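Numbered according to the numbering used here, the sequence shown spans residues 1 to 118. Positions of the beta carbon are idealized from the N, C-alpha and C atoms, including for glycine. No experiment lies behind these values; they were computed from the predicted model shown.
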Amino acid sequence: QVQLVESGGDLVQPGGSLKLSCVVSGFMFSRNIMGWYRQAPGKERELVADITSGGGTSYADSVKGRFTISGGTAMNAVYLQMNSLKPEDTAVYYCYARRPWVGNPEYWGRGTQVTVSS
C-alpha cells in the first residue's frame with residue numbers, strides 16, 4: 001500500500017521561506033509523476049507544481065520564480081522549496097502521485113498547513 005506523508009508546513013512571515021517534504025512508503029510505479037496541490041479556505045484545490053520521473057517540472061503561474069520542486073519517484077520523495085512567500089500562499093499543501101497516463105492524482109498525502117502572515 002502506497003502512503004505519502006508530508007511535513008514542513010509552518011507559520012511564516014511574508015517574504016519568508018519554507019521547504020515542504022513528502023516521503024513515499026510502499027511500492028510505486030517508477031515512472032510516476034509527483035507533485036503538490038494546495039487548497040486555501042473556501043477555494044478549490046489547485047495544482048502548484050509537479051515533476052516527472054525524468055526530472056521535467058511545471059509550475060502554476062502564481063508560483064513561478066518563487067517555488068522549486070525537486071525529487072521524484074527515484075528518490076521516493078518530493079520536495080517543494082517556497083521562497084518569497086505571500087499571504088495568498090496560505091493553504092493546506094498536499095503531495096500527490098499518479099501514473100503518467102492517468103489524468104488525476106491516484107495517491108494523496110494528508111496535507112500540511114502553510115500559513116503566511118505577519
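| Item | Value |
| --- | --- |
| What residues match up with residue 67 in a beta bridge as DSSP calls it? | 82 |
| Give me the Cα-Cα distance between residue 117 and residue 100, rounded to the nearest whole angstrom. | 36 Å |
| Here's a check: name, in chain order, each residue in its chain whose Cβ is nearer than 8 Å to the Cβ of residue 30, leaving out the five neighbours to either side. | 53, 73 and 74 |
| Tell whether a beta-carbon distance below 8 Å holds between residue 49 and residue 60. | yes |
| How about residue 78: is its Cβ closer than 7 Å to a heavy atom in the ligand NAP? | Absence of the ligand NAP is noted for the structure shown, with no ligands found whatsoever. |
| Helix, strand or coil for residue 34 per DSSP? | strand |
| Roughly how many angstroms lie between the CA atoms of residue 92 and residue 110, to the nearest whole one? | 9 Å |
| Quick check on residue 124: buried or exposed, where buried means 16 or more other Cβ atoms within 10 Å of its Cβ? | In this structure the chain extends from 1 to 118, so residue 124 is not present and cannot be described. |
| Between residue 69 and the rest of its own chain, which residues show a CB-CB distance below 6 Å, the 5 nearest in sequence each way excluded? | 49, 51, 57 and 80 |
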